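Same order as they appear, the protein sequences are chains A and B. Under our numbering, the first residue of the first sequence carries the number 43, and numbering increases by one thereafter. Under our numbering, the first residue of the second sequence carries the number 114, and numbering increases by one thereafter.
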Amino acid sequence: MNIRRIGLGLMTSALVAFAAPAYAVTEIQWWHAMTGGNNDIVNKLAAEFNASQPDYKVVPTFKGSYPETMNAGIAAFRAGSAPHIIQVFEVGTATMMSATGAIKPVHVLMKEANEPFDPKAYLPAITGYYSTSKGDMLSFPFNSSSMVMWVNLEELKKAGVAEIPKTWPEVFDAAKKLKAAGHTTCGFSNAWASWAHIEQFSAWHNVPIGTKANGLDGFDTELKFNSPLHVKHLQNLMDLQKDKTYDYSGRASASESRFASGECAIFLTSSGYYATAKGTAKFEFTSAPMPYYPDVAGAPQNSIIGGASLWVMGGKKADEYKGIAKFFAFLSDTNRQAKLHQESGYLPITKAAYEKTKADGFYDKNPTLQTPLKELTNKEPTENSRGLRFGNMVQMRDLWAEEIEAALAGQKTAQQALDSAVSRGNAMLRTFEKTAK
Amino acid sequence: MEKTVVFRHKLLPYLLLLPQLVIILVFFYWPAVQAVWQSFLREDAFGLTSEFVGFENYQALFAQPEYYKSILTTAVFSSLVAALSLSIALLFATQADKNLKAAPAYKTFLIWPYAVAPAIAGVLWIFMFHPSLGTLARPLRLMGLDWNPLLNGNHAMTLVVMAAVWKQISYNFLFFLAGLQSIPKSVIEASAIDGAGPLRRFWTIIFPLLSPTTFFLLVVNVVYVFFDTFGIIDAVTGGGPAGSTTTMVYKVYSDGRLGGDLGGSAVQSVVLMVIVIALTAIQFRYIERKVQY
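Right under this line is the structure:
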């Protein structure tokens, strides 16, 4: 009996699924990697868009972590069943843009669909990452963040640190004091090892990660982050790791809870950590700009973004592209962007939304949300701080972290580790260059 | 006059075998051939361009010092997991085979971990042994052990070995228990009457009679550690720190999926395939001779 009923249920739902296109609504598949509160935001955005017009229906589908979503998209493309929109994290940018034919550049999409689209309306610090060297936007920035330093104000006060440290030497001092005041397992730490100590560190000090404007100007780029400054920084971390004044927290964000639990009172991670910190930390905290070495001329420069953008896949129908263009125009709306920014903690992508949030006085009440924007717009971006674009970056980040781990574990010297990260990375870049002609 | 019935139809046996043959061809030989073919190609992640490059992928792989390291890691990892999971399971099986009050309950509980998916098993072990979140990492630290699998390669290896062993014990336990129960009690009793103690009985009677089971499990376990432990490693360490838990199969995944280098990844699959075929052949050729069925 029951089985028959289940079978009937399945059949009806199958029928409903088949019947859906009969409404003449064009469906737009959107694969994303947003979890928790951000997942709700994605669903809400799609629902609002679907309610705002009768012709198109955006269907969001959660596909797992960032790498998983990207791999699912690539696999689906190879099988001929790619979604229309796929959310790809920033390090997948080079892989996506090299896939000419597999993707539809956003600037082409908007032009063909005759949707209002002014590239200058977007914050250049954000769109620069996803544009060609000529400034043509390739993918649509969705959730952007940058790296900031989260500080536990109560613990800092207890340890006798009067001011929030601004430079690396000040951070080291503060960490020593924190350690003396009882934080024996962690003076300071960070998530995203490679992003923090190689990518952001280089941009913030205006030194190159690689040649050719960190790969933005061509795939024949070579890595350069084994400079004396990088070596000095890694050496400092290695010295402090010995007694846990600095304590390594892994390659990704799994250890962010060390901040909210109070274990690490100074913690560098994404500004997108805001929502979680607000929900879980039971103490007064704030975010501050990343530290820098004061003896480096011109530091701090500006930070680079992280997060993800929406890529439009190629080979779809003109009508579907029209719908996608409408959806992107919908997302760019100033009020919607401002609200999205204020709710999620991710950065606004248009200048107007940033100005509106400022004018509303939102940052007076929530200064933490302005920190990443201040970092990104600190100075006019240079060759070294516009962004980065390296092929195989997903795996390369792991490779760099591997070498940092080897140094922190005392298996290699700082110079050896960075040399090895550079040479192994270069080998990967050459493989990528051969496939991405 | 012949009593046995003989089917004279020549095609019939093949027809009857056909479903099985088709399954083997489609699910085993076809992918294997694909992997071999792919290993000679250079392709971008999307499969838009494809170029025949001969043995270039092989040369690139064997020029990587990291690859040799991953072979060594695999050797250490698989011997540890196979040895530990087999011996612990055997110990449990012999204990559970005794006349205990709640023996069925023990047996049931011991089988449970097998029903846990590798990735879940990995996450469970993270929760217990994560340096800052782990419930069991704290006592370790209080005992003065600087437990840190995020940086210490040996700690990370210990952690994945424990998780992989824990996961496999149930399976081995089940087969050992069945093997033990099929040993005639009379043989054991006879030796007991002859004055053999429990240990002597085990090594001279039980262990040799169990050898077919042990041999079967050895083969299965080697295949398990080579391929199925991937989920645990991915969840617990992601191959780190500094590549100290990157086994060969994890590197296949990392290069192919994360790196989008399908050619390089296919080469590694081919090497892995050759190694496992060789290992199994050796096991059947040399160890099976010592097995008493």
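Quick reminder that beta carbons are idealized off the backbone N, C-alpha and C, glycines included. Quick caveat: nothing in here was measured; it's all calculated off a predicted structure.
Distance between residue j and residue i (C-alpha atoms, nearest Å)
i: A:Asp285; j: A:Leu265; result: 31 Å
i: B:Leu130; j: B:Ile390; result: 24 Å
i: B:Val404; j: B:Arg398; result: 11 Å
i: A:Pro336; j: B:Tyr181; result: 43 Å
i: B:Glu179; j: A:Pro331; result: 37 Å
i: B:Tyr127; j: B:Val332; result: 29 Å
i: A:Lys298; j: B:Phe153; result: Looking at the sequence shown, residue 298 of chain A is not Lys but Glu. Going by the C-alpha atoms only, they are around 42 Å apart.
i: A:Glu475; j: A:Pro147; result: 21 Å
i: B:Phe321; j: B:Asn212; result: A small correction: the amino acid at residue 321 of chain B is Pro; Phe does not occupy that position in the sequence shown. Those two C-alpha atoms are separated by around 22 Å.
i: A:Pro63; j: B:Ser245; result: For A:Pro63, the predicted structure reports a pLDDT of 47, less than 50, and the residue's modelled location is therefore unreliable. A value from the coordinates is still provided. Roughly 51 Å separates the two Cα atoms.
i: A:Lys176; j: A:Val249; result: 23 Å
i: B:Val149; j: B:Phe222; result: 43 Å
i: A:Ala89; j: A:Ile347; result: 28 Å
i: A:Met275; j: A:Ala235; result: Reading off the sequence, residue 275 of chain A comes out as His, not Met. The straight-line gap from Cα to Cα measures roughly 13 Å.
i: A:Tyr316; j: A:Asn344; result: 20 Å
i: B:Thr358; j: A:Gln384; result: 41 Å
i: B:Phe240; j: B:Gly369; result: 29 Å
i: A:Lys381; j: A:Met435; result: 32 Å
i: A:Ser351; j: A:Ile391; result: 11 Å
i: A:Glu326; j: A:Ala341; result: 29 Å
i: A:Asn408; j: A:Lys400; result: 11 Å
i: A:Ala61; j: A:Phe119; result: With a pLDDT of 45 at A:Ala61, under the threshold of 50, the modelled position of that residue is not reliable, and no figure is offered here.
Beta strand (DSSP E) segment containing residue i, residue limits
i: A:Ala350; result: 348–355
i: A:Val130; result: 127–131
i: A:Leu258; result: It is not in any beta strand (DSSP E) - A:Leu258 carries neither H nor E in the DSSP assignment.
i: A:Asn232; result: 230–232
Residue i vs residue j beta-carbon contact at 7 Å
i: B:Ala228; j: B:Tyr219; result: no
i: B:Thr360; j: B:Thr186; result: yes
i: B:Leu197; j: B:Val278; result: yes
i: B:Ala195; j: B:Val335; result: yes
i: B:Ser163; j: B:Glu156; result: yes
i: B:Gly292; j: B:Leu323; result: yes
i: B:Asn285; j: B:Ala202; result: yes
i: A:Glu417; j: A:Ser188; result: yes
i: B:Ala232; j: B:Gly344; result: yes
i: A:Ser181; j: A:Trp353; result: yes
Residues bridged to residue i [DSSP beta-bridge criterion]
i: B:Leu131; result: Partner(s): none; B:Leu131 has no beta bridge.
i: A:Lys99; result: A:Glu69
i: A:His74; result: A:Phe104
i: A:Pro183; result: A:Ser351
i: B:Arg155; result: B:Glu164
i: A:Gly252; result: A:Leu265
i: A:Val193; result: A:Ile308, A:Thr328
i: B:Ile395; result: Beta-bridge pairing links B:Ile395 to no other residue.
i: A:Ile145; result: A:Thr142, A:Met355
Segment limits, alpha helix (DSSP H) that includes residue i
i: B:Pro144; result: 143–151
i: B:Met361; result: 361–366
i: A:Ser299; result: 299–302
i: A:Met332; result: First-last for A:Met332: undefined, no H or E at that position.
i: A:Ser173; result: Segment: none, A:Ser173 is in no alpha helix (DSSP H) and carries neither H nor E.
i: B:Ala269; result: 266–294
i: B:Gln208; result: 178–209
i: B:Pro217; result: 216–224
DSSP state of residue i mapped onto helix, strand, coil
i: A:Leu430; result: coil
i: A:Pro166; result: helix
i: A:Thr311; result: strand
i: A:Thr287; result: coil
i: A:Asn468; result: helix
i: A:Thr111; result: helix
i: A:Thr392; result: strand
i: B:Thr248; result: coil
i: A:Thr227; result: coil
i: B:Thr358; result: coil
i: A:Thr209; result: strand
i: A:Asp281; result: helix
i: A:Pro63; result: Because the pLDDT of A:Pro63 is 47, which lies under 50, any placement of that residue in the model is unreliable, and the number read from its coordinates should be weighed accordingly. The answer is helix: DSSP assigns A:Pro63 an H, G or I state.
i: A:Ser188; result: coil
i: A:Lys364; result: helix
i: A:Gly387; result: coil
i: B:Ala303; result: helix
Residue i: CB within 6 Å of a non-hydrogen atom of the ligand FAD
i: A:Asp361; result: Ligands displayed in this structure: none; no statement on the ligand FAD is therefore possible.
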